[in-house]
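Chemist: Can you keep this structure in mind? I'll have questions shortly.
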Amino acid sequence: MKNKNTPWTGVAILIAFVLMAVALYGALVFSPEEKQLGNTIRILYVHVPSAWIALVAFGIVSLCSVLFLWKRNLKWDTLARSSAEVGLVFTSLALISGSIWARSFWGWWWTWDPRLTSTLILWLIYLAYLMVRSYATEESRGARYAAVVAIIGFVDVPIIYLTTRLWNLAHPPPTVARGALDPIFVWVLMVSLAAFTLLYIILLTRTVEQKNLRREIDQLRQSLK
Amino acid sequence: MENLGYLFAIYTIVWAVLFGYVWVLLLRQKQLRRELESLKEALRAKK
Amino acid sequence: MSEYLGKVGAIIWKDILSELRTKDIVTSVLVFTVLVLVIFSFAFEPESEVIRLLSGGILWVAFTFAGMLGLSRSMAAETDKGSLQGLLLCPVDRDVIFMGKMAASLLFMLLVEAAAMPIFLILFNLPVFLPSLALVALMATIGFAAIGTIFATIAANTKAREIMLPILFIPVAVPVIIAAVKATGVIISGEPLSTARSWLLIIAAFDAIFLVLSAFLFEFAVEE
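Residue numbers (numbering that gives the first Met the number 0), protein chains in the order written: chain X, 0 to 224; chain W, 0 to 46; chain G, 0 to 223.
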C-alpha cells in the first residue's frame with residue numbers, strides 16, 4: 000500500500016495553516032469594531048464561514064448522491080458520505096456560534112430566524128443521512144437510502160427557509176440593519192472564508208482516503224479468510 | 000465590552016472542535032495504517 | 000390513465016381489505032391520538048385563553064406522531080410478512096406501488112383524523128364545526144403521506160425502525176407542520192381563511208413537489 004501523502008497535500012495543509020493564522024489575526028486583532036455590531040462582528044468571522052461550509056458540504060452530498068444513484072459508482076457514495084461527516088462538524092459549529100452570537104447581540108439564545116431554523120433542520124438532515132447508513136442492514140442498502148434522504152433533504156431545505164421567512168413576516172424578528180459593510184470587514188471575512196474552504200477540502204480528501212483505505216483493508220481481510 | 004466573554008467562548012469552542020476533529024482523523028489514520036501493516040504481515044506469513 | 004388508476008386502486012383495495020380483516024392500523028392509531036390529546040388537555044387548563052393559542056400546535060403534534068405510527072405499522076406489515084416482495088413482483092411500475100401505498104396510508108390517516116378532530120375540538124372548548132380545518136388537515140396529511148411512505152419503507156428495512164422513521168420524517172416534514180399549525184391557528188381564532196392563504200400555498204407546493212419526488216425516488220428505496 001503506497002503512502003498517498005502526495006506533495007500537494009502537504010502544501011495544501013501548509014497554506015491552510017497560514018491562511019487560518021492570518022484569518023485569526025484578522026478577526027481578533029486587525030478588524031476594527033463595527034459601528035452597530037461592535038465586537039460581535041468578530042464572531043461572524045467564524046460563524047459565516049462555518050455556515051457557508053455547512054451549505055457547500057450539503058450541496059456536495061446531494062450532488063454526489065444523485066451521481067451515485069445514477070452511475071452506481073461507489074466513489075460518489077464515498078465522497079457524499081465523507082462530505083456529510085465533515086459537513087456535520089461545520090454545521091454544528093455554525094449552530095453553536097450562531098446561537099452565541101444571537102445571545103450576545105439580541106440577548107436571547109434562540110429565535111426562529113429563517114437562517115437559524117434552516118440550519119438547525121439541515122443539521123438534523125445530516126444526522127438522518129448518517130444514521131440511516133449506520134442502521135441499515137447492509138452497506139449497499141444504506142448507501143442507497145442515504146442518497147434518497149440527501150436528495151429529499153436538498154429539496155426540503157429551501158422550502159423550510161421560505162416557510163420560516165413567511166412566519167417571521169407575521170412576527171417581525173429582531174433584525175440587524177444590513178447596511179453595506181465597510182470593505183475592511185468584507186476582506187477579513189473573505190480570508191476567513193478561504194481558510195475554512197481550504198480546511199474543508201483537506202478534511203474531505205483525508206476522510207475519503209480513510210474510507211478507501213478502510214475498504215481495502217476489509218477486502219484484504221476477506222481474501223485472507 | 001460584556002460581549003467579549005461570548006467572543007472568547009466561541010473561539011474556544013470552534014478551535015477545540017476543529018482540533019478535536021483533526022485529532023480524531025489522525026488517530027483513525029494511524030489505526031488504519033497499523034491494521035494494514037498487521038494484515039500484510041499475516042499475508043506474508045501465509046505465503 | 001384509467002389503467003394506471005386501476006392498478007393504484009387495486010393496491011389501495013388490497014390495503015383496505017387487509018385493514019378490515021386485521022384492524023391493525025386505524026383503531027390502534029386512533030386510540031393513540033386520543034390519548035395524546037387527553038394528555039395535553041391535562042397538561043393545560045382547558046378554560047384558559049392560552050389554550051386557544053396553543054391548540055393548533057397540540058393538534059399537529061398529535062397528528063404528526065399518529066401519522067408516523069400509522070405509516071410505520073403499514074410498512075412494517077408489508078416487510079414482516081414478506082408481502083412487499085410479492086408486491087414488487089407485480090408487473091407494475093414502482094411509482095404505481097408507491098401511489099397505492101401512499102393513498103392507502105393517506106386514507107387511514109384521514110379516517111383517524113376525522114374521528115379525532117371532534118374529540119380535540121371538545122376537549123379544548125373550540126367551536127365544534129370548523130369545515131376549513133378539514134381542508135388544512137387534508138392538505139397537510141397528503142404531504143405527510145408523500146414523504147412518510149418512502150421514509151417508512153426505508154425505516155422498515157433498518158435495524159431500529161421505530162426510531163428511524165421519526166429521525167427521517169420530522170426534519171423534512173417541518174414546513175408542513177409549521178404551515179399547518181399556523182393555518183389552524185388562523186382558523187381557530189376565527190379569522191377568514193384567506194388570511195391563511197400563503198400557508199395553504201406552502202402546503203400545496205410541498206404536496207406537489209414531494210409527491211413527484213417520492214414517487215420517483217421510491218424505486219431506489221425498494222430495489223434489491
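Note that CB positions come from ideal geometry on N, CA and C, so glycine has one too.
Starting from the N-terminal side, write out each stretch of the alpha helix (DSSP H) that is 4 residues or longer and does not extend beyond the stretch 60–129 of chain G.
Modeler: Here the runs fully enclosed are 82–88 and 93–122.
Chemist: For G/Glu48, which of helix, strand or coil comes out of DSSP?
Modeler: As a first step, residue 48 of chain G is located in the third sequence; it is residue number 49 there, counting from the start. Looking at G/Glu48 - three-state DSSP - the assignment turns out to be coil, as it is neither helix nor strand.
Chemist: Output needed for X/Pro173: all residues of its chain with C-beta closer than 6 angstroms, excluding positions within five of it in sequence on either side, in chain order.
Modeler: Locating residue 173 of chain X in the first sequence gives position 174, counting from the first residue. At X/Pro173 the pLDDT is 46, less than 50, meaning the model places this residue with poor confidence; the figure from the coordinates comes in the next sentence. So the list reads Trp105, once near-sequence residues are dropped.
Chemist: If contacts are defined as beta-carbon pairs under 8 angstroms, then G/Leu105 and G/Ser40 qualify, I think. What distance do you get, rounded to the angstrom?
Modeler: If you number the third sequence from 1, residue 105 of chain G lands on position 106. If you number the third sequence from 1, residue 40 of chain G lands on position 41. Not a contact, Cβ separation roughly 27 angstroms.
Chemist: So X/Val60 and X/Ala83 are supposed to be a Cβ contact under 8 angstroms. How far apart are they, rounded?
Modeler: In the first sequence, residue 60 of chain X corresponds to position 61, counting from 1. In the first sequence, residue 83 of chain X corresponds to position 84, counting from 1. The pair is a contact, with the Cβ atoms about 5 angstroms apart (cut-off 8 angstroms).
Chemist: If contacts are defined as beta-carbon pairs under 8 angstroms, then G/Ile37 and G/Leu110 qualify, I think. What distance do you get, rounded to the angstrom?
Modeler: Here residue 37 of chain G refers to the residue found at position 38 when the third sequence is read from its first residue. Here residue 110 of chain G refers to the residue found at position 111 when the third sequence is read from its first residue. Before going on, a small fix: residue 37 of chain G reads as Val here, not Ile. Not a contact, Cβ separation roughly 19 angstroms.
Chemist: Below 8 angstroms on C-beta distance, what does W/Arg33 contact in chain X?
Modeler: Numbered from its first residue, the second sequence carries residue 33 of chain W at position 34. Those within 8 angstroms of W/Arg33 in chain X number zero; the least Cβ separation is about 10 angstroms.
Chemist: Would you call the stretch 86–102 of chain G in contact with the stretch 178–198 of chain G, where contact means no fewer than 3 C-beta pairs closer than 8 angstroms?
Modeler: no
Chemist: For X/Asp76, count the other beta carbons within 10 Å of its own beta carbon; 16 or more makes it buried, fewer makes it exposed. Which is it?
Modeler: Taking the first residue of the first sequence as 1, we reach residue 76 of chain X at position 77. Buried, by the Cβ-count rule.
Chemist: With a floor of 4 residues, list each alpha helix (DSSP H) that falls wholly inside the stretch 91–169 of chain X, ordered by position along the chain.
Modeler: Runs of the alpha helix (DSSP H) inside the stretch 91–169 of chain X: 113–134 and 138–169.
Chemist: Quick one: what's G/Thr157 bridged to in DSSP?
Modeler: Stepping through the third sequence from its first residue, residue 157 of chain G is reached at position 158. Answer is X/Ala135.
Chemist: Taking C-beta pairs closer than 7 angstroms, name the residues in chain X that W/Arg27 reaches, listed in chain order.
Modeler: Along the second sequence, read from residue 1 onward, the residue named residue 27 of chain W stands at position 28. Simply Gln209.
Chemist: Can you check DSSP and say which residues form a bridge with X/Gly234?
Modeler: Any answer about residue 234 of chain X is impossible in this case: the structure gives chain X only from 0 up to 224.
Chemist: Nearest to G/Met133 by CA position, among G/Leu52, G/Leu125 and G/Met116, is which residue?
Modeler: Counting from one through the third sequence, the residue named residue 133 of chain G turns up at place 134. Just to set this straight, residue 133 of chain G is Ala in the shown sequence, not Met. Nearest of G/Leu52, G/Leu125 and G/Met116 to G/Ala133, Cα basis: G/Met116.
Chemist: Please confirm if the stretch 107–125 of chain X is in contact with the stretch 133–142 of chain G, defined as three or more CB-CB distances below 8 angstroms between the two stretches.
Modeler: No, because fewer than three Cβ pairs between the stretch 107–125 of chain X and the stretch 133–142 of chain G fall closer than 8 angstroms, the two stretches do not touch.
Chemist: Cβ of X/Leu123 less than 8 angstroms from any chain G Cβ?
Modeler: Numbered from 1 along the first sequence, position 124 holds the residue referred to as residue 123 of chain X. Interface residue, yes.
Chemist: Just the Cα atoms here: how many angstroms apart are X/Leu78 and W/Glu36?
Modeler: Sequence index remark: in the first sequence, residue 78 of chain X carries index 79 (1-based). Sequence index remark: in the second sequence, residue 36 of chain W carries index 37 (1-based). Approximately 25 angstroms between the Cα atoms of the pair.
Chemist: Can you tell me whether G/Glu18 is buried or exposed? The criterion is at least 16 other CB atoms within 10 Å of its CB, across all chains shown.
Modeler: Within the third sequence, numbered from 1, the residue matching residue 18 of chain G stands at position 19. Flag for G/Glu18 reads buried.
Chemist: Applying the 10 Å Cβ sphere with the 16-neighbour rule, what's the burial state of X/Ala44?
Modeler: Numbered from its first residue, the first sequence carries residue 44 of chain X at position 45. Checking the displayed sequence, the identity of residue 44 of chain X turns out to be Tyr instead of Ala. Result: buried.
Chemist: What in chain X is Cβ-close to G/Met163, meaning under 8 angstroms?
Modeler: If you number the third sequence from 1, residue 163 of chain G lands on position 164. Near G/Met163 (Cβ distances below 8 angstroms), the residues of chain X are Met130, Val131 and Tyr134.
Chemist: Could you give the residue range of the alpha helix (DSSP H) that holds G/Gly5?
Modeler: The residue labelled residue 5 of chain G in the question sits at position 6 within the third sequence. Here the alpha helix (DSSP H) through G/Gly5 covers Ser1 to Thr21.
Chemist: Since X/Ile159 and G/Pro165 should fall inside the 8 angstroms C-beta cutoff, what is the C-beta to C-beta distance between them, to a whole number of angstroms?
Modeler: The residue labelled residue 159 of chain X in the question sits at position 160 within the first sequence. The residue labelled residue 165 of chain G in the question sits at position 166 within the third sequence. Contact doesn't hold; Cβ gap of about 17 angstroms is too wide.
Chemist: What residues of chain X sit near G/Lys158, judged by a beta carbon separation below 7 angstroms?
Modeler: As a first step, residue 158 of chain G must be located in the third sequence, where it is residue number 159. Within chain X, the residues near G/Lys158 are Tyr134 and Thr136.
Chemist: Where does X/Arg214 fall in DSSP's three states?
Modeler: Locating residue 214 of chain X in the first sequence gives position 215, counting from the first residue. In the structure shown, X/Arg214 sits in a helix (DSSP, three-state: H, G or I).
Chemist: Taking the C-alpha atoms as reference points, what is the distance between X/Ala127 and W/Lys46?
Modeler: Within the first sequence, the letter at position 128 stands for residue 127 of chain X. Within the second sequence, the letter at position 47 stands for residue 46 of chain W. Rounded to the nearest angstrom, the two C-alpha atoms are 45 angstroms apart.
Chemist: Would you check if the stretch 130–149 of chain X and the stretch 2–21 of chain X touch, i.e. whether three or more CB-CB distances between them fall below 8 angstroms?
Modeler: no
Chemist: According to DSSP, is X/Arg205 part of a helix, a strand, or is it coil?
Modeler: Locating residue 205 of chain X in the first sequence gives position 206, where the first residue counts as 1. DSSP places X/Arg205 in helix when its eight states are reduced to three.
Chemist: Taking Cβ to Cβ, would you say X/Ile99 is nearer than 8 angstroms to W/Ala44?
Modeler: Working through the first sequence from its first residue, we reach residue 99 of chain X at position 100. Working through the second sequence from its first residue, we reach residue 44 of chain W at position 45. Against a cut-off of 8 angstroms, the Cβ pair of W/Ala44 and X/Ile99 comes out as no contact.
Chemist: If we count the other Cβ atoms within 10 Å of its Cβ and call it buried at 16 or more, is W/Met0 buried or exposed?
Modeler: Taking the first residue of the second sequence as 1, we reach residue 0 of chain W at position 1. Its pLDDT being 46, under 50, W/Met0 is placed unreliably in this model, and the coordinates cannot settle the point.
Chemist: Starting from G/Ile26, follow the alpha helix (DSSP H) in both directions and report where the run begins and ends.
Modeler: Locating residue 26 of chain G in the third sequence gives position 27, where the first residue counts as 1. It is worth fixing the name first, because residue 26 of chain G is Thr in this sequence and not Ile. Where G/Thr26 is concerned, the enclosing alpha helix (DSSP H) stretches over Val25 to Ala42.
Chemist: The alpha helix (DSSP H) that contains W/Glu40, what's its start and end?
Modeler: Working through the second sequence from its first residue, we reach residue 40 of chain W at position 41. Element bounds for W/Glu40: Leu3 to Lys45.
Chemist: Compare the beta carbon distance of G/Ile10 and G/Ile96 with 8 angstroms and say whether it is the shorter of the two.
Modeler: Start at 1 with the first residue of the third sequence, and residue 10 of chain G comes out as number 11. Start at 1 with the first residue of the third sequence, and residue 96 of chain G comes out as number 97. Yes; because the gap between Cβ atoms is below 8 angstroms, this pair is in contact.
Chemist: 8 angstroms is my cut-off, CB to CB: does G/Val135 come that close to chain X?
Modeler: For the purposes of this step, residue 135 of chain G is taken as residue 136 along the third sequence, with counting starting at 1. No, its Cβ sits nowhere closer than 8 angstroms to a Cβ of chain X.
Chemist: Could you list which residues in chain X have their beta carbon closer than 7 angstroms to that of W/Ala8, in chain order?
Modeler: The residue labelled residue 8 of chain W in the question sits at position 9 within the second sequence. Ile99, listed in chain order.
Chemist: In chain X, which residues lie less than 9 angstroms from G/Glu44 when you measure between Cβ atoms?
Modeler: One-based indexing of the third sequence puts residue 44 of chain G at position 45. Going along chain X, no residue has its Cβ under 9 angstroms from G/Glu44, so there is no contact; the nearest lies around 25 angstroms.
Chemist: X/Asn72: buried (16+ other C-beta within 10 angstroms of its C-beta) or exposed?
Modeler: Within the first sequence, numbered from 1, the residue matching residue 72 of chain X stands at position 73. Exposed, by the Cβ-count rule.
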